[in-house]
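For the sequence shown, the numbering used here gives the first residue as 316, with consecutive numbering after it.
For every residue, glycine included, the Cβ atom is placed at its ideal position computed from N, Cα and C.
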Amino acid sequence: MVGSDENHPGVFSDSNIQGGFNPGNGKFTAGMGHNRRALSTINRNIVGVGAPPHCAVNKRSNLSGENALPNKIPQVPAHRPVTRKFAAQMASQQQNQTFPEKPDQSIPVRAEPEDDCTIIDVDEYKTASDFSVPMFVQHTEAMLEEIDRMEVEMEEATEEPIMDIDSRDKQNPLAVVDYIDDLYAYYKKMENSSCVSLNYMGQQFDINERMRAILIDWLIEVHYKFELMDETLYLTVNLIDRFLAVQPVVRKKLQLVGVTAMLLACKYEEVSVPVVEDLILISDKAYKRKEVLEMEKLMVNTLQFNLSVPTPYVFMRRFLKAAQSDKRLELLSFYIIELSLIEYEMVKFPPSLLAAAAVFTAQCALSGFKEWSKTCVKHANYSEDQLLECSRLMVAFHEKAGSGKLTGAYRKYSTCKYGYAARTEPALFLL
Numbered sequence: 316m317v318g319s320d321e322n323h324p325g326v327f328s329d330s331n332i333q334g335g336f337n338p339g340n341g342k343f344t345a346g347m348g349h350n351r352r353a354l355s356t357i358n359r360n361i362v363g364v365g366a367p368p369h370c371a372v373n374k375r376s377n378l379s380g381e382n383a384l385p386n387k388i389p390q391v392p393a394h395r396p397v398t399r400k401f402a403a404q405m406a407s408q409q410q411n412q413t414f415p416e417k418p419d420q421s422i423p424v425r426a427e428p429e430d431d432c433t434i435i436d437v438d439e440y441k442t443a444s445d446f447s448v449p450m451f452v453q454h455t456e457a458m459l460e461e462i463d464r465m466e467v468e469m470e471e472a473t474e475e476p477i478m479d480i481d482s483r484d485k486q487n488p489l490a491v492v493d494y495i496d497d498l499y500a501y502y503k504k505m506e507n508s509s510c511v512s513l514n515y516m517g518q519q520f521d522i523n524e525r526m527r528a529i530l531i532d533w534l535i536e537v538h539y540k541f542e543l544m545d546e547t548l549y550l551t552v553n554l555i556d557r558f559l560a561v562q563p564v565v566r567k568k569l570q571l572v573g574v575t576a577m578l579l580a581c582k583y584e585e586v587s588v589p590v591v592e593d594l595i596l597i598s599d600k601a602y603k604r605k606e607v608l609e610m611e612k613l614m615v616n617t618l619q620f621n622l623s624v625p626t627p628y629v630f631m632r633r634f635l636k637a638a639q640s641d642k643r644l645e646l647l648s649f650y651i652i653e654l655s656l657i658e659y660e661m662v663k664f665p666p667s668l669l670a671a672a673a674v675f676t677a678q679c680a681l682s683g684f685k686e687w688s689k690t691c692v693k694h695a696n697y698s699e700d701q702l703l704e705c706s707r708l709m710v711a712f713h714e715k716a717g718s719g720k721l722t723g724a725y726r727k728y729s730t731c732k733y734g735y736a737a738r739t740e741p742a743l744f745l746l
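Okay, structure coming up:
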């Protein structure tokens, strides 16, 4: 620091300093005397010193973030006096780097005698909230709002439509497009008449659900060897369950019940019906022709000749059409539902739910994710959540197929005729 001299009355000296340092707030406080020296007088004292002030103290220490001054302030060249005009220019340059707009007031600069520091008083600075929002920020916010609005409009525009699956069949009289919705509404209403109770096996004293599974697995093979229509298999299983639900049967007559049920289904569905002798031969001549005919009479009387019931097959055809299926999806869906026919615990589900769950499970297995369109929801009347319980059971059956003793459906769908559908990986992610 330059010493006191008679020729330099403006030089700092102990007698000139009226104020002192206030440790409470970290600021220099002025006394009653003339403690603020004119900048021109100070400049005359420091000209020729050859070193600029080495620090700058920010008096507003609580400023942070966008409102804070930068840590580095441009240093004053030694050859240039710190005039009020030059100090204002320095403050203006620093302000343009920190704030989006130039404040109206210049930065007052106060020189204090401690540590040769230039202390910048920012008490008169405006805070960030005092400035208006910059124009580019307003433009950015408007652009973001416009983008959000466009995204909402695009989502609404790309919402999945419900397709008219019967539009191509309007010229086909066999498709009965004018009545198809009424027909399936009637099927859905009448399907409860074809359902049986889950605990019906409890009233059977000599057979159990394991024997039922063995019988149906064998009938799937018989159906395949006789090259019967798909509808025949589903009606055969339905007749067996409905008969066993009301009629006690001994285990040695259980295979006879199965053969007779297939004979009745063939008479109802097939154009060319297998003769009784063929069915006796396929059952290793365990029964005679008379026994088959007597069991046939007992079954139709027990069921009150009510053979025209909706089975999962009629719903499968409609739901596959709604899913816009190809041959691969069709074969896999039928494979999954035939695996379900063997399992006794699946009798609790109505035929329409079994069909919808089979199509949904097959779609998930082929695509690798959950897939159930709004068109399928409309025609099946089942949401994805309503199908999950049944679908998870089907995935479990699909996973263990071919590993146990009941492999009739697995071997059937492992052939070229059925597209090797049994080799498709199950939709394990549904579990």
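DSSP places Lys-600 outside any alpha helix (DSSP H), giving it a letter other than H or E.
By the neighbour-count criterion, in which a residue is buried when 16 or more other Cβ atoms sit within 10 angstroms of its Cβ, Thr-455 is exposed. Your pair Pro-665 and Met-505 does not check out as a contact, with CB atoms roughly 11 Å apart and the cut at 8 Å.
Ranked by Cα distance from Cys-679, the options Lys-485, Met-709, Glu-660 are led by Met-709. Lys-568 has its alpha-carbon roughly 44 Å from the corresponding atom of Lys-693.
For Cys-691 and Asp-599, the gap between their C-alpha atoms comes out near 44 Å. With a cutoff of 7 Å on beta-carbon distance, Gly-723 and Glu-592 are scored as not near each other. Relative to Pro-627, the option among Val-572, Arg-464, Glu-611, Cys-510 whose CA is nearest is Cys-510. Within the model, the alpha-carbon separation for Val-607 versus Gln-701 is close to 41 Å. Rounded to the nearest whole angstrom, the C-alpha separation of Glu-714 and Leu-743 is 8 Å. Counting of Cβ neighbours within 10 angstroms places Glu-704 among the exposed residues, the total staying below 16.
By the CB criterion at 7 Å, Ser-706 and Phe-675 fall inside the cutoff. Judged by their CB atoms, Thr-575 and Glu-611 are nearer to each other than the 7 Å cut-off. Across the set Glu-546, Phe-520, Met-516, the C-alpha of Met-516 shows the shortest separation from the C-alpha of Ala-528. Secondary structure of Ile-462 (DSSP, three-state): helix. In the structure shown, Pro-563 falls within a coil segment according to DSSP collapsed to helix, strand and coil.
Straight across, the Cα-Cα distance linking Lys-603 with Thr-547 is about 23 Å. Counting along the chain, no alpha helix (DSSP H) covers Phe-541, and no H or E run does either. By the beta-carbon neighbour count (other beta carbons within 10 angstroms, threshold 16), Lys-720 is exposed.
One thing to note: Leu-594 has its Cβ within 7 Å of the Cβ of Leu-578. For Tyr-628, the enclosing alpha helix (DSSP H) has its first and last residue at 627-637.
Secondary structure note for Pro-666: its alpha helix (DSSP H) is the uninterrupted segment 666-682. The continuous alpha helix (DSSP H) containing Ser-655 extends over residues 642-657. Bounds of the alpha helix (DSSP H) holding Tyr-502 are 495-505. Between Ile-555 and Ile-657, the C-beta gap is not smaller than 7 Å, which leaves the two residues out of contact. In this structure Met-614 is buried. Its beta-carbon is surrounded by 16 or more other beta-carbon atoms within 10 angstroms. Burial is judged here by how many other beta carbons sit within 10 angstroms of a residue's own beta carbon; Val-662 has at least 16 and is buried.
Leaving aside the five residues that flank Gln-570 on each side, the residues in its chain whose CB is nearer than 7 Å to its CB run, in chain order, Leu-530, Ser-598, Ala-601. Taking 7 Å as the cut-off, the beta carbon of Val-492 is found no closer than this to the beta carbon of Lys-503.
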